[in-house]
Structures are given as structure tokens and as C-alpha cells.
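Trainee: To start, I am sharing the structure in question, which I have written as C-alpha cells.
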Amino acid sequence: MLIPTVPETKPIKLSVRNMAFSYGQKKVLDGLSMDIHAERVTAIIGPSGCGKSTFLKCFNRIHEVSSAVNVSGDMKIDGVDIYRGGIDEVDLRRRVGMVFQKPNPFPKSIYENVAFGPRLFGVSDRTTLDGLVEDALRKAALWDEVKDRLKESATGMSGGQQQRLCIARALAVNPEVLLMDEPCSALDPIATAKIEDLITELKESLTIVIVTHNMQQAARVSDYTAFFWLGKLVEMDLTERIFTTPRVQMTEDYITGRFG
Amino acid sequence: MPDVLETSLTAVPANGVGGSLADGPSAPPAAAESPAFRHSRLRRLTDRWAHLAFLTCSLLVVGLIGGILFFLASRGLAAFWPAAGNTGRALSLSEVFLSADWSPSSDRFGILPFIAGSLGVTGLALLIAAPTGTLTAVFIAKMAPPWMRNLMRQVMDLLVGIPSVVYGIFGLTVVLPLVSHTWLADAPASGFAVSAVILAVMIVPTIVSLSTDAFESLPSSLDEGAQALGSSRWQAIWHVLIPAARPRLLTAAVLGLGRAIGEAMAVQMVIGNNPQWIALMRESTDRAPFLRALFTPAATLTTELVQELPNTAAGSTWNNVLFAMGLLLYLLTMVLILATRRLGRGKEA
Numbered sequence: 001m002l003i004p005t006v007p008e009t010k011p012i013k014l015s016v017r018n019m020a021f022s023y024g025q026k027k028v029l030d031g032l033s034m035d036i037h038a039e040r041v042t043a044i045i046g047p048s049g050c051g052k053s054t055f056l057k058c059f060n061r062i063h064e065v066s067s068a069v070n071v072s073g074d075m076k077i078d079g080v081d082i083y084r085g086g087i088d089e090v091d092l093r094r095r096v097g098m099v100f101q102k103p104n105p106f107p108k109s110i111y112e113n114v115a116f117g118p119r120l121f122g123v124s125d126r127t128t129l130d131g132l133v134e135d136a137l138r139k140a141a142l143w144d145e146v147k148d149r150l151k152e153s154a155t156g157m158s159g160g161q162q163q164r165l166c167i168a169r170a171l172a173v174n175p176e177v178l179l180m181d182e183p184c185s186a187l188d189p190i191a192t193a194k195i196e197d198l199i200t201e202l203k204e205s206l207t208i209v210i211v212t213h214n215m216q217q218a219a220r221v222s223d224y225t226a227f228f229w230l231g232k233l234v235e236m237d238l239t240e241r242i243f244t245t246p247r248v249q250m251t252e253d254y255i256t257g258r259f260g
Numbered sequence: 001m002p003d004v005l006e007t008s009l010t011a012v013p014a015n016g017v018g019g020s021l022a023d024g025p026s027a028p029p030a031a032a033e034s035p036a037f038r039h040s041r042l043r044r045l046t047d048r049w050a051h052l053a054f055l056t057c058s059l060l061v062v063g064l065i066g067g068i069l070f071f072l073a074s075r076g077l078a079a080f081w082p083a084a085g086n087t088g089r090a091l092s093l094s095e096v097f098l099s100a101d102w103s104p105s106s107d108r109f110g111i112l113p114f115i116a117g118s119l120g121v122t123g124l125a126l127l128i129a130a131p132t133g134t135l136t137a138v139f140i141a142k143m144a145p146p147w148m149r150n151l152m153r154q155v156m157d158l159l160v161g162i163p164s165v166v167y168g169i170f171g172l173t174v175v176l177p178l179v180s181h182t183w184l185a186d187a188p189a190s191g192f193a194v195s196a197v198i199l200a201v202m203i204v205p206t207i208v209s210l211s212t213d214a215f216e217s218l219p220s221s222l223d224e225g226a227q228a229l230g231s232s233r234w235q236a237i238w239h240v241l242i243p244a245a246r247p248r249l250l251t252a253a254v255l256g257l258g259r260a261i262g263e264a265m266a267v268q269m270v271i272g273n274n275p276q277w278i279a280l281m282r283e284s285t286d287r288a289p290f291l292r293a294l295f296t297p298a299a300t301l302t303t304e305l306v307q308e309l310p311n312t313a314a315g316s317t318w319n320n321v322l323f324a325m326g327l328l329l330y331l332l333t334m335v336l337i338l339a340t341r342r343l344g345r346g347k348e349a
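Heads up: the protein sequence lines correspond to chains A and B, in order.
For the first sequence, position 236 matches number 236 in this note's numbering, and the numbering has no gaps at all.
For the second sequence, position 244 matches number 244 in this note's numbering, and the numbering has no gaps at all.
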């Protein structure tokens with residue numbers, strides 16, 4: 001496995017060392033190591049079933065919601081182990097936000113969707129909430145489209161708007177990391193372009209890890225790209241290098257469309 | 001395997017030469033006698049008869065239901081507008097629906113005690129059953145390990161099918177003795193509280209079953225989304241899952257209510273069957289009136305019908321009023337069913 005050797009000015013936000021993951025007896029990820037830098041976009045690409053989404057979900061431990069899993073090795077955020085460092089999972093999830101493959105707005109109003117996170121953490125003052133909601137919606141480039149209908153149901157929005165709402169909802173609790181699990185796979189090209197612009201803006205203040213099956217998207221939005229295959233990290237490097245001069249033959253075969 | 005393939009391949013042209021399937025309408029008359037053609041004519045005939053049979057059955061059902069409504073309405077409305085040949089006295093709407101005085105022997109027919117009794121008992125039952133059922137459903141759908149989920153679902157489905165008289169026996173022989181001769185009821189107890197508990201036990205399985213379906217039909221992305229924002233499991237359930245499932249949870253509760261309001265047997269065994277319960281409570285000088293009221297022997301629309309209908313002469317005022325009560329029950333149930341339809345539609349919007 002290859003780790004980039006270029007000089008990087010941004011600190012390491014997430015570090016993974018010799019990490020393995022299994023559902024029951026089934027090993028899904030094995031021997032993974034990588035560093036993810038703050039204020040950078042790291043893309044994870046690979047064919048379906050290579051474990052890229054699973055890997056992403058390990059950073060906020062959201063897979064623990066639905067099934068019994070086993071993670072070994074080290075996964076650290078700011079040097080503290082996510083699994084064994086005594087971090088409360090609720091606290092972890094506030095620091096590490098997530099956007100899912102399919103937009104999943106709650107069946108509530110637009111306002112209540114964005115206010116959901118802040119309310120959970122005890123913000124109840126109306127003006128503070130209003131400010132947080134507006135701020136999050138602006139960051140998600142949605143404010144101008146919805147400012148006059150904040151009370152309307154979020155499920156009536158278009159798919160692209162719903163996904164930006166989900167981003168706003170994640171941003172409202174001011175996370176340090178944003179995990180995006182194929183955020184554009186259910187969207188049309190115009191909505192996709194908006195989300196991609198948003199990603200570029202958001203990395204000014206956030207660490208972003210995005211899983212995508214769309215290699216052009218990875219090339220457009222990310223600074224680093226990691227290529228996964230069958231639960232293993234094949235290669236990780238600066239995105240431009242991965243897409244121009246990969247060091248591993250398999251990476252080249254995949255990005256040129258010879259398999260996957 | 002290759003052998004079979006080959007023989008079937010050679011068989012096709014042989015059949016084709018015989019001229020049965022491939023030939024269109026211009027087939028020679030000889031083809032009319034071919035087995036395939038006879039078969040298709042037979043099939044068309046069967047189709048037509050089957051169609052007729054289905055139509056007859058469905059018309060029969062619709063006719064029956066319509067007939068029952070017509071029968072109930074004609075006999076029930078005779079209490080207010082007696083038809084020719086009906087010996088009953090014409091009652092005014094107010095002396096039936098607004099009076100609490102039920103003494104048929106003195107020609108007084110106020111059915112308020114039964115309406116209030118029915119609404120009270122079912123309301124109380126729902127108050128017990130709806131929260132219990134919903135929370136049980138949350139547990140089954142979202143918390144229980146798989147083996148327990150399967151077990152609980154099967155148990156609930158079994159409980160739905162238990163005949164109501166069994167619940168009545170349980171109430172009569174187990175629950176009533178528990179509360180009789182206590183601070184709550186100095187006489188052998190009966191009344192609202194016990195009836196409501198029995199009804200609640202009866203409708204909880206229905207509510208649990210439907211509510212579990214409601215929770216299981218929610219996309220898991222909602223649950224994950226809420227927890228990814230830092231909700232605890234309970235916060236995700238309370239703030240996201242329950243609101244998202246609300247239309248279907250309400251439908252479940254209303255269906256439970258429908259079953260409760262129509263129940264006669266189980267309630268009749270424990271409620272005490274006292275049409276004068278409102279008067280009895282008015283006269284009471286108890287210090288804890290509400291609690292004691294819960295154990296006052298009472299009556300509902302259904303129990304009174306079961307109790308008295310066999311003892312009255314057809315066409316008498318008394319009989320007419322009982323039919324009017326039946327009609328009222330029918331309409332109440334109808335309203336509930338329409339309400340569930342409306343709620344169900346709200347879910348899709």
C-alpha cells in the first residue's frame with residue numbers, strides 16, 4: 001500500500017493504521033492505513049462492494065446503529081482513537097457529520113430539519129436557532145431558494161434541494177469533518193454540479209471525505225484520491241497523480257475503465 | 001440434457017406441420033377440431049362462467065351489507081317516525097339522545113348512559129392501549145434482537161385471533177376478584193375500569209401489529225440520519241421515527257378503537273350492566289368520585305343490545321329504540337372506518 005510522500009501543510013485530521021472491519025465472521029476491510037488532512041477533500045473510489053462506504057461509516061460509527069460490527073486497528077481523530085479513546089459516540093457524531101447516498105430529510109419542515117441538530121444539543125432560544133438555521137442554509141447554498149418557505153415540508157423539495165438540505169442539516173451543528181457517501185448518485189447533472197461547487201467551498205473550513213463511484217467527480221472535487229479494491233487500499237495519492245501517473249497498474253486499469 | 005434438447009427441437013417443426021398453433025384465422029377447417037382449439041374455446045367458456053360467479057358473489061356481499069343497513073335504518077328510524085303497522089310511540093330526538101333516563105317500563109327511553117358508556121369505556125381502553133401498543137411496537141421493530149422480534153410478532157398475531165369471550169372470562173374470573181371488596185369498590189366490582197382494561201388487552205395486539213408494520217416500513221435512512229446528527233437511540237425514535245410514522249400509528253389506534261367500540265361479549269361480562277349508572281353517580285356522595293365512578297356498574301350500547309333485544313317485542317317503542325342504538329353503532333363504526341381511510345391517505349401525501 002502506498003501513501004503519498006508530498007509535503008502537506010495542513011495537519012492530519014484523521015489517521016488510520018492497519019485497520020480491519022468485519023460483520024460477524026465476514027471480513028470487509030483489511031489492513032487499511034491512511035492519513036486524511038484537514039481542509040482537504042479526500043475521495044474514495046473503487047468498484048461496488050469494495051468496502052468504501054463501509055470504511056466511511058467507520059469514522060462516525062454509524063454502522064453500529066444497525067448491526068454488530070468489529071473494528072480492529074487504529075482510527076484516530078485529532079490523535080484520539082475513535083473506538084478505544086473514550087470518545088462518546090454521540091459527541092463523535094456531532095464532530096463528524098454525514099451526508100447519505102439518498103437524501104434523507106426528516107418528514108418535518110425545512111426549518112425543523114436544519115434546527116434538529118442544534119435542538120438536540122440544547123439550543124432552544126428562537127433567535128439563536130434562526131441564526132443557526134440561516135447560516136447553515138447559506139453555507140449549503142440553499143438559503144435563497146427556501147428562505148420564503150421555511151415552514152413547508154422538506155419532503156416536497158426536489159432531490160437536489162433535499163440533498164443540500166441534508167448538508168445544511170449536518171453543517172448546523174458545526175462539524176469538523178463531513179463524510180459524504182455518494183452524495184450525488186441520486187441526482188441529475190445540474191444538482192450534482194451544485195453539490196460539487198459546494199464541496200469546494202466547504203473545504204475552506206472542513207475536512208471532507210467523499211465516497212464516489214464517479215471518477216470524474218473524484219477528479220473534479222478532491223485533493224486526494226484513494227482507490228479501494230476488495231476491501232483493501234490499493235493506492236492513495238494526490239488526485240492529479242492518481243489520474244495521470246498512478247503507481248499501481250490496477251489503479252490505472254480501473255480509472256481507464258478496464259474493469260469495475 | 002443434450003438429448004432432451006434435441007428431441008424437443010425436432011418436435012416443434014413436426015407439430016407445426018400438423019397445423020395447430022402457428023396458423024392464424026385462415027387455418028383450414030380441419031384445424032378447428034385440433035385439441036388446442038377446443039381447449040381455447042373451453043377456456044373462454046370457463047372464463048365467462050368464472051366471471052359470472054365472481055360478480056354474483058361480490059353483488060351478494062354488497063347486497064347483504066346494504067340490506068343490513070337498510071334493515072337497521074328502517075327499524076331504528078321507526079323510533080322517531082313509526083311506520084304503519086308499528087305499535088311504537090313516536091319519540092322526539094331529544095328525549096332519546098339527550099336524556100339519561102332509561103326506564104322502558106315507565107316509557108322513558110334516554111340512551112345517553114349507553115352512548116356515554118360506550119365512549120367512556122372505549123376512550124379509556126384506547127388511553128391504555130395506544131401508548132402501550134406504540135411503545136411495544138417501537139421495541140419490537142427497533143430494539144429487540146431478531147429472535148425476540150419474530151417471537152413477539154407471532155405472539156401478537158396469535159393474540160389478535162383470540163375470541164373476545166375468552167378475554168371476558170379472563171376479566172370475570174381474574175381481574176374482577178382482584179379489585180372486588182377493596183378500597184376501590186366495596187361491592188363485587190365491575191364497571192368502566194375493568195371493562196377498559198379488558199378491552200385494552202384485547203386491542204393491544206392489533207395496535208402493536210399494525211404499528212410494528214408502520215415502524216418497519218420507515219426507511220432505515222431516517223434512523224441513521226438522526227443518529228448521524230448525534231441523536232441518541234431514544235431521541236431518534238422520539239423526534240424522528242414516531243413523527244414519521246404518525247399517520248399509520250393513528251390508523252392503528254383508530255382500528256383498535258373500532259374493534260373496542262363494537263365489542264359486546266367481553267364487556268358485558270364485566271361491566272355490570274346498569275343502565276342507571278349516570279343517576280347512580282349523581283346521587284353518590286363519595287369523596288373520591290372519579291375513582292369510584294370507574295368502578296360503578298355501567299352499560300354501553302353493545303351490552304344493552306345484547307342484554308335487552310331478545311326480551312322485546314318487534315315493533316314496540318322499546319324495540320325501536322334498541323334498533324336506533326344499533327344504527328348509531330353502525331354509523332359510529334362507519335365514521336371510524338372513514339377516518340382511517342382519510343388518515344391512510346394523509347400518509348401518502
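Glycine included, each C-beta is placed from N, C-alpha and C at the ideal position.
With burial defined as no fewer than 16 other Cβ atoms inside 10 Å of the residue's Cβ, what is the status of Leu60 (chain B): buried or exposed?
Mentor: The residue given as residue 60 (chain B) occupies position 60 in the second sequence. Leu60 (chain B) is exposed by the Cβ-count criterion.
Trainee: Expressed to the nearest angstrom, what Euclidean distance is found between the alpha-carbon atoms of Ser92 (chain B) and Phe80 (chain B)?
Mentor: Taking the second sequence and counting its residues from 1, one reaches residue 92 (chain B) at position 92. Taking the second sequence and counting its residues from 1, one reaches residue 80 (chain B) at position 80. Between Ser92 (chain B) and Phe80 (chain B), the C-alpha separation is close to 6 Å.
Trainee: List the residues of chain B that Ala170 (chain A) touches, going by C-beta distances under 8 Å, in chain order.
Mentor: Here residue 170 (chain A) corresponds to residue number 170 of the first sequence, with the count starting at 1. By Cβ distance, chain B contributes Ala228 and Leu229.
Trainee: Using 10 angstroms around the beta-carbon of Thr245 (chain A), count the other beta-carbons present and answer buried if the total reaches 16, otherwise exposed.
Mentor: The count along the first sequence starts at 1 and reaches residue 245 (chain A) at position 245. So Thr245 (chain A) counts as exposed.
Trainee: Closer than 8 Å, CB to CB, is Val109 (chain A) near chain B or not?
Mentor: Along the first sequence, read from residue 1 onward, the residue named residue 109 (chain A) stands at position 109. The amino acid occupying residue 109 (chain A) in the given sequence is Ser; Val does not appear at that position. No, its Cβ sits nowhere closer than 8 Å to a Cβ of chain B.
Trainee: Any chance you could list the beta strand (DSSP E) runs of at least 3 consecutive residues sitting entirely within the region 37-115 of chain A, in chain order?
Mentor: Whole beta strand (DSSP E) segments, 3+ residues: 41-45, 69-77 and 96-99.
Trainee: Answer with buried or exposed for Met143 (chain B), where buried requires no fewer than 16 other C-beta atoms within 10 angstroms of its C-beta.
Mentor: Indexing the second sequence from 1 puts residue 143 (chain B) at position 143. Classification for Met143 (chain B): exposed.
Trainee: According to DSSP, is Phe97 (chain B) part of a helix, a strand, or is it coil?
Mentor: Taking the second sequence and counting its residues from 1, one reaches residue 97 (chain B) at position 97. The answer is helix: DSSP assigns Phe97 (chain B) an H, G or I state.
Trainee: Where does the unbroken beta strand (DSSP E) through Ala20 (chain A) begin, and where does it stop?
Mentor: As a first step, residue 20 (chain A) must be located in the first sequence, where it is residue number 20. Start and end: Ile12 to Tyr23.
Trainee: Grouping DSSP H, G and I as helix and E and B as strand, with all else coil, what is Ser221 (chain B)?
Mentor: Within the second sequence, numbered from 1, the residue matching residue 221 (chain B) stands at position 221. Helix.
Trainee: Distance cutoff 8 Å, beta carbons only. Does Ala214 (chain B) sit that close to anything in chain A?
Mentor: Here residue 214 (chain B) corresponds to residue number 214 of the second sequence, with the count starting at 1. Answer no: the Cβ-Cβ gap between Ala214 (chain B) and chain A never drops below 8 Å.
Trainee: Compile a chain-ordered list of the residues in the region 41-65 of chain A whose CB is closer than 7 Å to at least one CB of chain B.
Mentor: Listed by position along the chain: Asn60, Ile62 and Val65.
Trainee: Pair every Cβ in the region 209-216 of chain A with every Cβ in the region 173-192 of chain A, then say whether three or more of these pairs are closer than 8 Å.
Mentor: Because the criterion of three Cβ pairs below 8 Å is met, the region 209-216 of chain A and the region 173-192 of chain A touch.
Trainee: Anyone know if the C-beta pair for Gly191 (chain B) and Thr296 (chain B) falls short of 8 Å?
Mentor: Mapped onto the second sequence, residue 191 (chain B) falls at position 191. Mapped onto the second sequence, residue 296 (chain B) falls at position 296. It is a contact, given that the beta carbons lie within the stated cut-off.
Trainee: Taking the DSSP output, what are the residues bridged to Ile210 (chain A)?
Mentor: By 1-based counting over the first sequence, the position of residue 210 (chain A) is 210. Partner(s): A:Ala43 and A:Met180.
Trainee: Measuring straight from C-alpha to C-alpha, what distance separates Ala20 (chain A) and Leu137 (chain A)?
Mentor: By one-based count along the first sequence, residue 20 (chain A) stands at place 20. By one-based count along the first sequence, residue 137 (chain A) stands at place 137. Cα to Cα, the separation comes out at about 37 Å.
Trainee: Kindly indicate which three-state DSSP category Phe227 (chain A) falls into: helix, strand or coil?
Mentor: Here residue 227 (chain A) is taken as the residue at index 227 of the first sequence, counted from 1. DSSP places Phe227 (chain A) in strand when its eight states are reduced to three.
Trainee: Whole-angstrom Cβ separation of Thr303 (chain B) and Ala244 (chain B), contact assumed at under 8 Å?
Mentor: Numbered from 1 along the second sequence, position 303 holds the residue referred to as residue 303 (chain B). Numbered from 1 along the second sequence, position 244 holds the residue referred to as residue 244 (chain B). In fact, because the Cβ distance is near 39 Å, the residues do not count as touching under 8 Å.
Trainee: Can you round the beta-carbon distance between Glu240 (chain A) and Thr251 (chain A) to whole angstroms, since I take them to be within the 8 Å contact cut?
Mentor: Here residue 240 (chain A) refers to the residue found at position 240 when the first sequence is read from its first residue. Here residue 251 (chain A) refers to the residue found at position 251 when the first sequence is read from its first residue. Going by Cβ atoms, the distance from Glu240 (chain A) to Thr251 (chain A) rounds to 13 Å, so no, they are not a contact pair.
Trainee: Taking 8 Å as the cut-off, decide whether the C-beta atoms of Ala364 (chain B) and Ala130 (chain B) are in contact.
Mentor: For chain B, the structure presents residues 1 to 349; residue 364 (chain B) sits outside this window and is missing.
Trainee: Please list, in chain order, all residues of the same chain as Phe116 (chain A) whose beta carbon is under 7 Å from its beta carbon, the five residues on each side excluded.
Mentor: Mapped onto the first sequence, residue 116 (chain A) falls at position 116. Phe106 and Arg169.
Trainee: Distance check for Ala218 (chain A) and Pro7 (chain A), CA to CA, integer angstroms please.
Mentor: Counting from one through the first sequence, the residue named residue 7 (chain A) turns up at place 7. Counting from one through the first sequence, the residue named residue 218 (chain A) turns up at place 218. Approximately 21 Å between the Cα atoms of the pair.
Trainee: How close, in whole Å, do the beta carbons of Ile110 (chain A) and Ala43 (chain A) come, if the pair is a contact with beta carbons under 8 Å?
Mentor: Numbered from 1 along the first sequence, position 110 holds the residue referred to as residue 110 (chain A). Numbered from 1 along the first sequence, position 43 holds the residue referred to as residue 43 (chain A). With a Cβ gap of about 29 Å, Ile110 (chain A) and Ala43 (chain A) do not count as contacting.
Trainee: Pick from A:Glu112, A:Val99, A:Asp135 and A:Glu201: whose alpha carbon is nearest that of Glu224 (chain B)?
Mentor: Position 224 of the second sequence holds residue 224 (chain B). Comparing Cα-Cα distances from Glu224 (chain B) to each of A:Glu112, A:Val99, A:Asp135 and A:Glu201, the minimum goes to A:Val99.
Trainee: Closer than 8 Å, CB to CB, is Val69 (chain A) near chain B or not?
Mentor: One-based indexing of the first sequence puts residue 69 (chain A) at position 69. Output row for Val69 (chain A): interface = no.
Trainee: Using CA coordinates, which residue listed in A:Lys10, A:Gly31, A:Lys139 and A:Gly49 is at the minimum distance from Leu266 (chain A)?
Mentor: The question about residue 266 (chain A) has no answer here: the residues shown for chain A are numbered 1 through 260.
Trainee: Which one of A:Val173, A:Val28 and A:Tyr254 has the shortest CA to CA distance from Asn113 (chain A)?
Mentor: Position 113 of the first sequence, counted from the start, is the residue given in the question as residue 113 (chain A). Selected option, being the one with the closest Cα: A:Val173.
Trainee: Mind listing the chain B neighbours of Lys27 (chain A)? Cutoff is C-beta to C-beta under 9 Å, in chain order.
Mentor: As a first step, residue 27 (chain A) is located in the first sequence; it is residue number 27 there, counting from the start. Neighbours of Lys27 (chain A) on chain B: none; closest Cβ ~22 Å, over 9 Å.
Trainee: Report the neighbours of Val90 (chain A) on chain B: residues whose CB is nearer than 8 Å to its CB, in chain order.
Mentor: As a first step, residue 90 (chain A) must be located in the first sequence, where it is residue number 90. Those within 8 Å of Val90 (chain A) in chain B are Gly230, Ser231 and Ser232.
Trainee: Mapping DSSP to helix, strand and coil, what is Trp49 (chain B)?
Mentor: As a position in the second sequence, residue 49 (chain B) is number 49, starting the count at 1. Trp49 (chain B): helix per DSSP, three-state reduction.
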